[in-house]
Amino acid sequence: MALPKPDWDMVAQTAQEQAAQYYPGNLVCLVQSFVLKMTIHILFARDLSALDDETISASRANPWAKQHKMHEALRQLAAEYDPLDMQNNAMNLILPAFETMWRVVFRCFIEVRFRGAEERKKWMEALRAYLKNPSPQSDTVCKDNADVALVRTIVREALRLYPLTWHIHRHFGNASGTSSLVTADIEGLHRDTEIWGDDAERFVPTRWISTSLETEDSKAWMPFGASPFLCPAKQDFGPS
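Residue 0 is where the sequence shown starts when you use numbering that gives the first Met the number 0, and the numbers rise one by one after that.
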């Protein structure tokens, strides 16, 4: 994530604490709970003790107006917002980041742990080591730490194969006063065999060993969109 060092240390510590709380169970619920808590922590830098798994589980089953525990938790986490105000609601910030990110984390988990790749053990060991000592995935750090370098390739490959937004739609006006709908096919771009090779549909983190973000091919990698329509979440949630 592209965060200042003090913020990164705070997020890393919280990630370690949250990860230590979980045990094998429903994988979807586990990932959703973890990503939701981390999203709130990154956006608001608050203590997460007010948001327990019971509150999160109840929020998926009840209409929003009746989710009193979630309302109270949000008031404690983000007092400047009103959970019952459609305009000034913390969920307006939380949901866009959470709904897109948890699916990427979930699919990455599936690829690393359950798809039977030959490198599975190596990937898992690198991720475990990284969780014990998280750090920004800068070029300098990656040169000195093989585990961090491997984790960066896993993250980039997950974002390539499972981008946060699969299609981006924009209306453009013209001189006649009408407008045209233009769609950017991010999924197709990320899986184009002419760019990524015959294995474009496969999860292959090693492709990033020879593909830096400065190369021509990497311009076809835009999980957070592209300028001038860059996703605001990239600043906090995007890879460094």
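Heads up, the beta-carbon is just placed ideally off N, CA and C, and yes, glycines get one too.
Query	Result
Distance CB(Y161)-CB(R206) smaller than 8 Å	no
Spatial neighbours of E186 in its chain, beta-carbon cut-off 6 Å, leaving aside the 5 residues before and after	W165
Helix, strand or coil at T38 according to DSSP, with G and I counted as helix	helix
Pair within 8 Å by beta-carbon distance, F105 and V30	yes
Exposed unless 16 or more other CB atoms sit within 10 angstroms - verdict on K120	exposed
Nearest-angstrom Cβ-Cβ length linking R112 and M123, presumed shorter than 8 Å	7 Å
Alpha helix (DSSP H) segments (min. 4 residues) lying fully within the region 56 to 123	67 to 76 and 90 to 113
Reduced DSSP category for D198 - H, G, I as helix; E, B as strand; rest coil	coil
Cα-Cα separation between F43 and A174, rounded to whole angstroms	44 Å
Candidates A72, Q86 and P133, of which the one nearest Q15 by Cα	P133
Distance CB(A125)-CB(D146) smaller than 8 Å	yes
Where the beta strand (DSSP E) containing T182 begins and where it ends	S178 to D184
Outcome for R159 when other beta-carbon atoms lying within 10 angstroms are tallied against a minimum of 16	buried
Q17 versus L26: straight-line alpha-carbon distance, rounded	15 Å
Residues bridged to G172 [DSSP beta-bridge criterion]	S178
Cα-Cα separation between R74 and Q86, rounded to whole angstroms	15 Å
Closest Cα partner of M37 within the set S209, T13 and D143	T13
Exposure of P62, with buried meaning 16 or more beta-carbon neighbours within 10 Å	exposed
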